[in-house]
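Engineer: My questions all concern the structure below.
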Amino acid sequence: MEPNHHPVMANEPRRFFGYRLARLAAVWRREIDADLRAFGLTDATWRPIYYLNFSKTPMRQTDLARSLSLEAPSLVRLLDVLEKRGYVVRETDEEDRRSKLVSITEEGRSVAALVSRVADEVTARLTEDVSTKELEECCGVLDRVEQAAQNHRDTIGGDKRGMR
């Protein structure tokens, strides 16, 4: 095993990979947010619509909050706004009456289409000088890193189950 692959012996590219990835994600969101402000949408309002648009079925509020990295009370206030605008609806989950299910409306889907178009424009602008091959290689690396994170969570989860 190469010394560079030992998690404790990180070289500079490995040490700053996560930092740069998080910084890029923030920059990317700010670019989309800036372009969507012209349509009266903010980061807080477009992101839930964007996520819900990908869901084929209603999503539990708790799952949506987790996906957006939001605290439940913050999401509830945000969903109040989105519901008043006619973009989402909330219903009681029949399987767990304590939970609410969130669905996107047709009007919300129209907004999601706008968000997708703007996100595509931002993507084109930010990746203009990057080749398709480079993007594919980068996505391959990101997939492997994400899979390593998932494998670690699965291992940790397995260890906790074994301790009970």
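In my numbering, the protein residues as written are -3 to 160. We put the CB at the ideal spot given by N, CA and C, even for glycine. It should be emphasised that the depicted structure is a prediction, and the values quoted were computed from it without experimental measurement.
1) Pairing CB atoms from the stretch 42 to 59 with CB atoms from the stretch 100 to 115, are three or more of them under 8 Å?
2) How many whole angstroms separate the CB atoms of residue 98 and residue 122, which I take to be in contact at a CB cut-off of 8 Å?
3) At 4 residues or longer, and completely inside the stretch 13 to 96: list those alpha helix (DSSP H) runs for me, N to C.
4) If you draw a straight line from the C-alpha of residue 132 to the C-alpha of residue 86, how long is it?
5) Mind checking whether residue 72 and residue 78 have CB atoms under 7 Å apart?
6) So, does the stretch 110 to 126 touch the stretch 12 to 29, judging by three or more C-beta pairs under 8 Å?
7) Which of the three DSSP states, helix, strand or coil, is assigned to residue 107?
8) At the level of alpha carbons, what is the spacing between residue 65 and residue 56?
9) Looking at residue 108 and residue 147, is the spacing between their C-beta atoms short of 7 Å?
10) Smallest Cα separation from residue 53: which of 12, 126, 89 and 7?
11) In angstroms, rounded to a whole number, what distance separates the CA positions of residue 30 and residue 114?
12) What did DSSP end up calling residue 126 once you bin it into helix, strand or coil?
13) Relative to the C-alpha of residue 10, which residue among 37, 58, 32 and 137 is closest?
14) Would you decide whether residue 152 is buried or exposed? Buried here means 16 or more other CB atoms lie within 10 Å of its CB.
15) Can you find the residues in the same chain that come closer than 7 Å, C-beta to C-beta, to residue 13, ignoring five residues on each side of it along the sequence?
Structural biologist: This is what the structure gives:
1) Taking 8 Å as the limit for Cβ pairs, the verdict is that the stretch 100 to 115 does touch the stretch 42 to 59.
2) Taking C-beta atoms under 8 Å as the contact rule, residue 98 and residue 122 fail to qualify, at a distance of about 30 Å.
3) Runs found: 39 to 50, 57 to 64 and 68 to 80.
4) Distance between the alpha carbons of residue 132 and residue 86 is about 38 Å.
5) Not closer than 7 Å, so no.
6) Touching, yes, given that three or more Cβ pairs across the two stretches are closer than 8 Å.
7) When secondary structure is reduced to three states using DSSP, residue 107 falls in the helix class.
8) Going by the C-alpha atoms only, they are around 14 Å apart.
9) No, the Cβ-Cβ distance between residue 147 and residue 108 is not below 7 Å.
10) The residue with the shortest Cα to Cα distance from residue 53 is 89.
11) A direct Cα-to-Cα measurement between residue 30 and residue 114 gives close to 10 Å.
12) Coil, per DSSP.
13) That would be 137, whose Cα lies nearest to the Cα of residue 10.
14) Exposed.
15) Excluding positions up to five away in sequence, the list is empty.
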